[in-house]
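Numbering (the working numbering), first residue to last: 3 to 371. Here's the structure, in structure tokens; my notes come after.
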Ligand SMILES: Cc1ncc(C[n+]2csc(CCOP(=O)(O)OP(=O)(O)O)c2C)c(N)n1
């Protein structure tokens, strides 16, 4: 399981060598995304609250977990008492205080992720874990039903990936769109995913895109933002316009605070408060925001327009703001409630209609437990 330490230490080749020499599958945490190529046959995906079913089940069934440069934070572990019950954990981290802080470890190694992993690669015997990887693949739940309709998160992200040939740095804000990007965008190049993990501060996207673009020498940067988070640090748009930076903003406009609305659906019986226009939430007009900064603006409301407009947007040399008008009821699926236990049976939220992955009988069984 690899985290941000792998990216900071640039331990990509070492992690890959370790995985390939041992056949051990690789999980990337939110901040570890792009530390290991998504398309690699040993890559499983993201763990935890918003992780995929098969990834969490892999953790719950593993007998050993090598954690490299990660914190085992609560979004990964859920209830630590039932996290990875069968696993001996080997934790490698530069910060001694992280070792054993959140989960008990069998072996703690304090050191740079790259150095330690390189030494591990020489220390281990080559082997294969084909049956184990196959076993995990058996846990995979198809996403086919998860996102529906025009301008689904999947379709949007696939179009951006294709149109940019996977060659952009992707920055996100905080919310549902952040999780869609984490789960659905097929990262292949190291350090191309910039997101606000840990603190999860909305308003991160616009200034982070500015910083990422400048740090990469003016490289094309795609910022996928929420209509709620985008205005929170919109003053930086003036700087972006002045420097004519090639930052393409795709504001996934689901008419409010999508993640808050989802929470109110799941836990508050659809009692909506300050999460959309009908419940008293208003945002500055996006078109006027763009115009006020002298940034070109496009509104996109169908997948056809999206595909055609995308090439034009990416071809513009400077910044562009795209208002991508989506249906409000696109959810982040699946999700493990932080109040329940990730016991490998994917005990989930009470709204079974949000859970196309589980059949009714399995759902009832899980709820009993
Ligand atoms: C500064 C700040 N305020 C509040 C929150 C709590 N919060 C997390 S996500 C979210 C809503 C995000 O809405 P939006 O930007 O529209 O993104 P969506 O979830 O719809 O993709 C809120 C209010 C936060 N993380 N940061």
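Don't be surprised by glycine CBs; every beta carbon is placed ideally from N, CA and C. Small disclaimer: the values here were computed from a predicted structure and weren't measured.
In this structure, residue 191 places its C-beta atom within 8 Å of the C-beta atom of residue 36.
The continuous alpha helix (DSSP H) containing residue 239 extends over residues 238–244. By the beta-carbon neighbour count (other beta carbons within 10 angstroms, threshold 16), residue 334 is buried.
Burial check for residue 275: the Cβ neighbour count within 10 Å stays below 16, so the residue is exposed. Taking residue 13 as the centre and dropping the five residues before and after it, the same chain places the C-beta of 115, 116, 119 closer than 6 Å to its C-beta, in chain order. Rounded to the nearest whole angstrom, the C-alpha separation of residue 248 and residue 269 is 41 Å. As summarised for the segment 44–88, the continuous beta strand (DSSP E) elements at least 3 residues long and confined to that stretch are 45–47, 66–70, given in chain order.
Taking non-hydrogen atoms of ligand 1 into account, the C-beta of residue 202 is found less than 7 Å away from one of them. Within its own chain, the residues whose Cβ lies closer than 7 Å to the Cβ of residue 64, once the five positions on either side in sequence are excluded, are 86, 88, 89, listed in chain order. At least one heavy atom of ligand 1 is found less than 7 Å from the C-beta of residue 259. Distance from the CA of residue 160 to the CA of residue 41, rounded to the nearest whole angstrom, comes to 14 Å. For residue 124, the uninterrupted alpha helix (DSSP H) segment begins and ends at 115–125. Annotation for residue 123: 16, 19, 20, 23 place their beta carbon closer than 8 Å to its own, counting only its chain and skipping 5 residues before and after. The beta carbon of residue 135 lies closer than 6 Å to those of 27 in the same chain, with the five residues before and after it left out.
Residue burial annotation: residue 66 is exposed, with fewer than 16 other C-beta atoms found within 10 angstroms of its C-beta. When DSSP reads this structure, residue 254 sits in a beta bridge with 228, 326.
It is roughly 45 Å from the alpha-carbon of residue 277 to the alpha-carbon of residue 25. Taking the Cβ of residue 63 as the reference point, every heavy atom of ligand 1 lies at 7 Å or farther away. Here residue 78 is not near residue 91, since their CB atoms are 8 Å or more apart. Here DSSP, grouped into helix, strand and coil, assigns residue 305 to helix. Under DSSP, the beta-bridge partners assigned to residue 299 are 323.
Between the beta-carbon of residue 208 and that of residue 239 there is about 6 Å, and that keeps the pair under the 8 Å contact cut.
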